[in-house]
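Residue numbers (the numbering used here), protein chains in the order written: chain B, 455 to 1017; chain V, 20 to 382.
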């Protein structure tokens, strides 16, 4: 470890960063723990145990487990196959496939769920037209367990894809060539050499997908609540929205259960994420070792067709829904209407507020986090600050914690006024939760930017006498601006699309876009929900395109869809 | 019968303005059991040539035969390419390329399993291969538990075990230090078999000179000289080869007279000396190669007068750089014994014992 002296301004920055971590990462978890321990030791014990053993809890736990496991399995098979085809063979349109595939995970899950739900109506009409009379007797087959599993699997397949693809790109070309010249046919090379080498990456990606599946709120909320199929996050939501603060003991208990499940997933992920590194740096990376001959057009066509169906079909259904005047009215050129868009963007106060709130909060959160993350990265990477190094595991905690658990912790922290300021039932509590949740997202690209930056550049600035603030202004910020911008855009993207946190923390006047879609759909106004969904998808794509332009020269992996 | 034969191999990467013509009509014949080194600077095409023999790269034009089997052929529209797994060749890679998830035993057994060797036979043959590289007690280790030298030995055992028709080496010693390099060179020399030719890619002249029967020097995608190590050192075909395998002292000299059909008298700075040549020079000047060790100090007035511009102490001798300019713009240097009292700025009188006239047309 390098030992360096640092001036008072750097010490101030260190203290500020440590305080930020304590306030936003440590305090929520600590508060939740205190609530749990004091409740179990005190008067709430009976209520908490009753909640733990209630049949609704056991059912929801089982549901979370089954959708988590099956969803992760679907994500892992799907992600592995696509990653292998895209990375190991000479398929063309590679960048398009990667973008289209990873974009799925960047879209708001509640909008994805809403979009998929819209497919059934036109499909049912089609089936009836083809002579299947009974089609209308069936409910929407996506509602309930199967639909949740499939949609979660598709939605989180990109997580597996990205870790497996990184693993595959890390396999040295010579290791594959050695197997070929040893007489192994391509199939044997894949099964005996390449896949075994990426097994740790696959396991880590699958564990991550599991954690994401059990923490997801949007998909089980849209597909599960109407069918009365509840998982832990939706059960917590129902308890809190139904019974208010009297449900806190049981919601705390449920948070503990879902946290334990997520924690086990994270342990598995960590155990595998650090394995499978090669001692030698590969002299060449394995480009695309397998050549598809005649099969190439077929593979390309089926990949593109699959992505098109999985991405475009629900989006088309969503667009159709948002342009149709009323349920049952056929969509034709003459019946197309923009009334739902006008309604959500202009006439409905709650949705207009939601746009203002979400855009304002996501931009503000990105701005605050950019500054904090820049300081933190500087102190951790360049100064090797022992304080921040000791606390660095805290950074990820609010991000990997299931969203409902973070929300529960925020409720407990701010239920009563702090320093005379009451944040509960205001937009402030959502904003603080965003700061906690998205620090990791903003920090990651900046850290990787720092790691690419030769230490000598900063040392030279120091040797030539530039003080801390000037060093940041003249060296660090200009060189890391692309990383900071890319991270900020990811934060805006995720905060705009977020529902899990605001579902528990919103109040009248403090709606977010996610909440607006959810409330409209729950209130039967699907077309208006679809209109907001379409706007969100358009904005999300716009941000991704902008981020791609900014991030063109960033190392691969900083922007997930440019891996 | 040649056991490996390359005929007019062409290979181009990319197309249009970015096209890189990596191999420009390379032909080479290997006899059974012969050891040939492909020697050249980076970018000369030597690794590409090796990879086309292994089948890891396709060729654009030409023909490669291993034994009587045509493994690559490209002529107009007719194209044959046997994939690497169908060629019965082996490669020892620079980075050893052991599979990190398999034990040493499984790494070595892999080629045998691919060719369907019965499991009863497997253990014996893996054991024999490990014995050959003196690592029999490490069979159950993983590659990460081995030292760099041990890994490269396992890679050699893995390449030998399946009795390949050709054994290829791609700079196998580049990542080893001097001591391990010598040890591996011994192992490789021991591994030679009368029925198996070896092709060894390197940019290190010491390895090429020590191991090979013949050395093919490559430059810009072509073989510029194919000769035994001794011939290569004594009679380099061009100034570039002289620079690569010898000390690279190539000077411009005036032709004084022919002595006989293969010797000629030359003059540099008025000093006259005898040089060998392939054919008598036609013009008034030639390029002459003088090994740094082929000169000594003389007390006679009649000597090559040079001024020492820099003296490098080399432990057992001095390398003296002089003010005499070589053809390529750098300076003539010579190796002198420690006792010879040569200091910077001294004027030295040198005697040339051996010299070779670079054939005209050698680049």
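All residues carry an ideal CB built from backbone N, CA and C; glycine is no exception.
Predicted model, so just to flag it, every value in this text is computed and none were measured.
A check of alpha carbon separations from residue 742(B) across 831(B), 644(B), 811(B) and 812(B) identifies 644(B) as the nearest. In this structure the segment 59 to 67 of chain V lies against the segment 239 to 250 of chain V, because at least three pairs of beta carbons, one per stretch, are closer than 8 Å. Residue pairing by DSSP puts residue 81(V) in a beta bridge opposite 93(V).
In the DSSP assignment, residue 153(V) falls outside any beta strand (DSSP E), carrying neither H nor E. Proximity to residue 798(B) across 518(B), 754(B), 879(B) and 969(B) peaks at 969(B), based on C-alpha coordinates.
Residue 252(V): member of the alpha helix (DSSP H) spanning 248 to 253, first to last residue. Shown here for residue 51(V): same chain residues with a beta carbon closer than 6 Å to its own, the five before and five after excluded, namely 22 and 214 in chain order. Under DSSP, residue 896(B) shares a beta bridge with no residue. In this structure, residue 188(V) and residue 217(V) form a Cβ contact; the two beta carbons are roughly 7 Å apart against a cut-off of 8 Å.
Look at the beta carbons and you see the segment 893 to 907 of chain B not touching the segment 970 to 986 of chain B: under three pairs across the two are nearer than 8 Å. Interface flag for residue 568(B) against chain V is unset, since no Cβ pair is found closer than 8 Å. Taking every protein chain shown into account, the CB of residue 135(V) has fewer than 16 other CB atoms within 10 angstroms, so this residue is exposed.
Bounds of the alpha helix (DSSP H) holding residue 726(B) are 702 to 727. For residue 263(V), the enclosing alpha helix (DSSP H) stretches over residues 258 to 264.
Collapsing the DSSP output to three states places residue 196(V) in coil.
Residue-level contact check: residue 60(V) does not touch chain B, since none of the beta carbons of chain B fall below 8 Å from its beta carbon. If you compare the alpha carbons of 947(B), 1003(B), 885(B) and 892(B) with that of residue 956(B), the shortest gap goes to 885(B). Judged by DSSP secondary structure, residue 179(V) falls within the alpha helix (DSSP H) whose first and last residues are 167 to 180.
Listed by position along chain V, the residues whose Cβ is nearer than 9 Å to that of residue 651(B) are 118, 119 and 120. Contact between residue 953(B) and residue 564(B) holds: CB atoms are separated by about 5 Å, below the 8 Å threshold.
Using a CB distance below 9 Å, the part of the segment 622 to 638 of chain B facing chain V consists of 626, 627, 628, 629, 630, 631, 632, 633, 634, 635, 636, 637 and 638, ordered along the chain. Setting aside the 5 residues that flank it on each side, residue 822(B) is surrounded in the same chain by 889, each with a C-beta closer than 8 Å to its C-beta; the list follows chain order. Inter-residue distance for residue 115(V) and residue 180(V) is about 15 Å (C-alpha atoms, whole angstroms). In chain order, 566, 569, 570, 572 and 573 place their CB closer than 8 Å to the CB of residue 768(B), counting only its own chain and leaving out the 5 sequence neighbours on each side. Counting along the chain, the unbroken alpha helix (DSSP H) around residue 582(B) starts and ends at 574 to 583.
If you draw a straight line from the Cα of residue 133(V) to the Cα of residue 231(V), it is about 31 Å long. Cβ proximity to chain B below 7 Å picks out 73 and 75 from the segment 63 to 78 of chain V.
Among the CB atoms of chain V, none fall inside 8 Å of the CB of residue 618(B).
Taking a Cβ-Cβ cut-off of 8 Å, the neighbours of residue 110(V) in chain B comprise 631, 632 and 635, given in sequence order.
Under the 8 Å Cβ criterion, the segment 706 to 722 of chain B counts as touching the segment 507 to 521 of chain B, having at least three qualifying pairs. Under the three-pair Cβ rule at 8 Å, the segment 825 to 836 of chain B counts as touching the segment 887 to 902 of chain B. Burial state of residue 678(B) is buried, judged by a 10 Å Cβ sphere holding 16 or more other Cβ atoms. Counting only unbroken stretches of 4 or more residues, the alpha helix (DSSP H) elements lying wholly within the segment 607 to 688 of chain B are 627 to 635, 649 to 669 and 672 to 678, in sequence order. In the displayed model, residue 745(B) falls within coil according to three-state DSSP, outside both helix and strand.
Residues of the segment 640 to 670 of chain B whose Cβ lies closer than 9 Å to any Cβ of chain V, in chain order: 640, 642, 643, 646, 647, 650, 651 and 653. Contact check for residue 844(B) against residue 963(B) fails: the beta carbons are separated by 8 Å or more.
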